[in-house]
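The structure appears right after this line, and notes come after that.
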Amino acid sequence: MENGSERWRVRVNERLNKTSETTIRGTLAKINRNLNKDDPRPTVPLGHGDPSTFPCFRTTPVAEDAIVDAVRSAKFNSYVPSVGILPARRAIADYLSRDLPYALSSDDVYLALGCGQAIEVILTVLACPGANILLPRPGFPYYEARAEYLQLEVRHFDLNPEKGWEVDLESVEALADENTAAIVIINPGNPCGSVYTHQHLKKIAETATKLGILVIADEVYHHLTFGRNPFVPMGAFGSIVPVITLGSISKRWLVPGWRLGWLVTCDPNGILRKLGVVECITGCMEMASDPTTFIQVKLDISSLEDINDDAEFCLKLAKEESVVVLPGAAVGMRNWLRITFAIDRSALEDGLERINVFCQRHAKKK
1 MENGSERWRV RVNERLNKTS ETTIRGTLAK INRNLNKDDP RPTVPLGHGD PSTFPCFRTT
61 PVAEDAIVDA VRSAKFNSYV PSVGILPARR AIADYLSRDL PYALSSDDVY LALGCGQAIE
121 VILTVLACPG ANILLPRPGF PYYEARAEYL QLEVRHFDLN PEKGWEVDLE SVEALADENT
181 AAIVIINPGN PCGSVYTHQH LKKIAETATK LGILVIADEV YHHLTFGRNP FVPMGAFGSI
241 VPVITLGSIS KRWLVPGWRL GWLVTCDPNG ILRKLGVVEC ITGCMEMASD PTTFIQVKLD
301 ISSLEDINDD AEFCLKLAKE ESVVVLPGAA VGMRNWLRIT FAIDRSALED GLERINVFCQ
361 RHAKKK
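Going by full-length UniProt numbering, the residue at position 222 of the sequence shown is 222; the numbering climbs one at a time, nothing skipped.
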């Protein structure tokens, strides 16, 4: 070819196609493509649990007004901590603590783009080479899809329909080995609609402790119960076994399009922190894109008295001058600094002056 290659070398990740076919949305998309466009009757969507598409299901005006007020306040237009803003995390901690025998703190809460991202984060954290995870059958297929993408082995345990879709704990014990990281418990059940009793959840916690594995509690449908059994959060047994609770505002507040979910560590004994799980969750949440309104500055380490590299420079600068800059090592540029200028001019000038004072203080004596 005159203006291009005869053989394009671009290849796509075929695993994505396979993965999408196993998700609820992927399956429904395939079904929707098969609809008869000539049928004059309106389509009745009974496959996807999104009641918000119907006028009779609408969230409270209080929530809508809160969103409008937040947008108009212009207080939340800037980049925020990757784990979420403090007021929201504190509100979720207070809300979930109502049903727990201990109090959660904002540090236990990580905000996500819906429960889907929360699932992605915790599975990514646990996807060590050779690791496996226990998933319910039937269950929510996105777990399988994400695990396959991460090359995390999946082992299925059965739910017993004769006993209200309870977990077959004997099969769980038979499936687990030294490489098992966690068991996923979906309660209230999706797709079964079951609600587990306090007694059964306690047995699950005791079994997980016996096996030395975490419990991932998918509680997206929390408190949406209409039968005899009240909803009991898995976190109520956090003193028995470390629990990672996943949830969102999508179902209970009828706003799946708002894409707000959470990952919460219910672990009053601090086991998850000791195991490094908390640190890994934070690290995973921080893998996000940054603005481009910045400059890269080469750091002359040889001219400084007691600073060995860019990381130490930034740590000391923050401590001594309350100025935060990014060490270049974070973006693969050791002994460089990344300084953003997308702030108020007076603040920028003040910050640069503080950096200058800092450098003079640590300069080698001639």
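Just so you know, even glycine gets a beta-carbon here, dropped at the ideal spot from N, CA and C.
Only a predicted model underlies this, so the values are computations on that prediction, with no experimental measurement involved.
Residue from LEU263, LEU348, LEU304 and ASP177 whose Cα sits closest to the Cα of residue 367: Missing from the structure shown is residue 367; the chain here goes from 1 to 366 and no further.
Rounded C-alpha distance that separates GLY328 from ASN335: Sequence index remark: in the sequence shown, residue 328 carries index 328 (1-based). Sequence index remark: in the sequence shown, residue 335 carries index 335 (1-based). C-alpha separation (whole angstroms): 6 Å.
Three-state secondary structure assigned by DSSP to ASP290: Taking the first residue of the sequence shown as position 1, residue 290 is located at position 290. Unreliable placement is indicated for ASP290, whose pLDDT of 47 sits below 50; no coordinate value is reported for it.
Three-state class that DSSP yields for HIS198 in the structure shown: Within the sequence shown, residue 198 is the residue found at index 198, counting from 1. In this structure, HIS198 counts as helix in the three-state DSSP scheme.
N-terminal and C-terminal residue of the beta strand (DSSP E) that CYS284 is part of: To locate residue 284, count along the sequence shown from 1; it is residue 284. Where CYS284 is concerned, there is no enclosing beta strand (DSSP E), although the alpha helix (DSSP H) it sits in stretches over 277 to 285.
First through last residue of the beta strand (DSSP E) which encompasses TYR102: Taking the first residue of the sequence shown as 1, we reach residue 102 at position 102. From DSSP, TYR102 is part of no beta strand (DSSP E); its letter is neither H nor E.
Reduced DSSP category for GLN151 - H, G, I as helix; E, B as strand; rest coil: Within the sequence shown, the letter at position 151 stands for residue 151. Correct three-state label for GLN151: coil.
CA-to-CA distance, ILE343 to SER302, given in whole angstroms: On the sequence shown, position 302 is the one that residue 302 refers to. On the sequence shown, position 343 is the one that residue 343 refers to. One Cα belongs to SER302, the other to ILE343, and the distance between them is close to 30 Å.
DSSP state of LYS316 mapped onto helix, strand, coil: For the purposes of this step, residue 316 is taken as residue 316 along the sequence shown, with counting starting at 1. Note: LYS316 maps to helix in three-state DSSP.
Bridge partner(s) assigned by DSSP for GLY270: The sequence position of residue 270 within the sequence shown is 270, counting from 1. According to DSSP, which records beta bridges pairwise, GLY270 is partnered with nothing at all.
Coarse secondary structure for TRP258, derived from DSSP in three states: In the sequence shown, residue 258 corresponds to position 258, counting from 1. Here TRP258 sits in helix by DSSP.
ARG89, DSSP secondary structure in three states: The residue given as residue 89 occupies position 89 in the sequence shown. The three-state reading of DSSP puts ARG89 in helix, counting H, G and I together.
Residue environment, GLN151, which counts as buried when at least 16 other CB atoms sit within 10 Å: Within the sequence shown, numbered from 1, the residue matching residue 151 stands at position 151. Residue burial is scored here from C-beta neighbours: GLN151 has fewer than 16 other C-beta atoms within 10 angstroms and is therefore classed as exposed.
Proximity to ILE204 [Cα-Cα], best of ALA118, MET234 and ALA112: By one-based count along the sequence shown, residue 204 stands at place 204. The residue with the shortest Cα to Cα distance from ILE204 is MET234.
Ordered list of alpha helix (DSSP H) runs contained in the region 16 to 84, each at least 4 residues: You should have 24 to 32 and 61 to 73.
Length of the line joining the Cα atoms of ARG155 and ILE119: Along the sequence shown, read from residue 1 onward, the residue named residue 155 stands at position 155. Along the sequence shown, read from residue 1 onward, the residue named residue 119 stands at position 119. Near 17 Å, if we compare the C-alpha coordinates of ILE119 and ARG155.
Proximity of ILE281 and VAL121 at Cβ, strictly below 8 Å: Here residue 281 is taken as the residue at index 281 of the sequence shown, counted from 1. Here residue 121 is taken as the residue at index 121 of the sequence shown, counted from 1. Yes, these two residues count as a Cβ contact at 8 Å.
Candidates SER194, PRO161 and THR207: closest to ALA174 by CA position: Translated into positions along the sequence shown, residue 174 becomes position 174. Looking at the Cα atoms, THR207 is the closest of the given residues.
Euclidean distance between Cα positions of ALA88 and PRO188: Position 88 of the sequence shown, counting from 1, holds the residue named residue 88. Position 188 of the sequence shown, counting from 1, holds the residue named residue 188. For the pair ALA88 and PRO188, the Cα-to-Cα distance works out to about 24 Å.
Buried versus exposed, by CB contacts within 10 Å (16 or more), PHE341: To locate residue 341, count along the sequence shown from 1; it is residue 341. Residue burial is scored here from C-beta neighbours: PHE341 has fewer than 16 other C-beta atoms within 10 angstroms and is therefore classed as exposed.
Euclidean distance between Cα positions of ASP218 and ILE185: As a first step, residue 218 must be located in the sequence shown, where it is residue number 218. As a first step, residue 185 must be located in the sequence shown, where it is residue number 185. So the alpha carbons of these two residues sit roughly 6 Å apart.
Run of the beta strand (DSSP E) containing LYS218, from where it starts to where it stops: Within the sequence shown, numbered from 1, the residue matching residue 218 stands at position 218. Before going on, a small fix: residue 218 reads as Asp here, not Lys. Run containing ASP218: 214 to 218, per the beta strand (DSSP E) assignment.
Own chain, CB closer than 6 Å to LYS298, minus 5 neighbours either side, in chain order: To locate residue 298, count along the sequence shown from 1; it is residue 298. Correct list, in chain order: TRP336.
Option nearest ALA103 by Cα separation, candidates CYS266, PRO242 and THR43: Residue numbering aside, residue 103 sits at position 103 when the sequence shown is read from its first letter. For the residues CYS266, PRO242 and THR43, the minimum Cα distance to ALA103 belongs to CYS266.
Counterpart residues of LYS298 in DSSP-defined beta bridges: Taking the first residue of the sequence shown as 1, we reach residue 298 at position 298. Among the bridge pairs identified by DSSP, LYS298 is matched with TRP336.
Contiguous beta strand (DSSP E) assignments of at least 3 residues, all confined to the region 132 to 176: Entirely contained in the region 132 to 176, the beta strand (DSSP E) runs reaching 3 residues are, in chain order, 132 to 137 and 153 to 160.
First and last residue of the uninterrupted beta strand (DSSP E) at SER248: Counted from its first residue, the sequence shown places residue 248 at position 248. Segment 243 to 248, the beta strand (DSSP E) holding SER248.
Terminal residues of the alpha helix (DSSP H) in which ALA118 lies: Residue 118 sits at position 118 when you count from the first residue of the sequence shown. Looking at the DSSP string, the run of the alpha helix (DSSP H) that includes ALA118 is 114 to 126.
Residue range of the unbroken alpha helix (DSSP H) whose run includes VAL184: Position 184 of the sequence shown holds residue 184. Note, VAL184: premise wrong, no alpha helix (DSSP H); beta strand (DSSP E) at 180 to 186.
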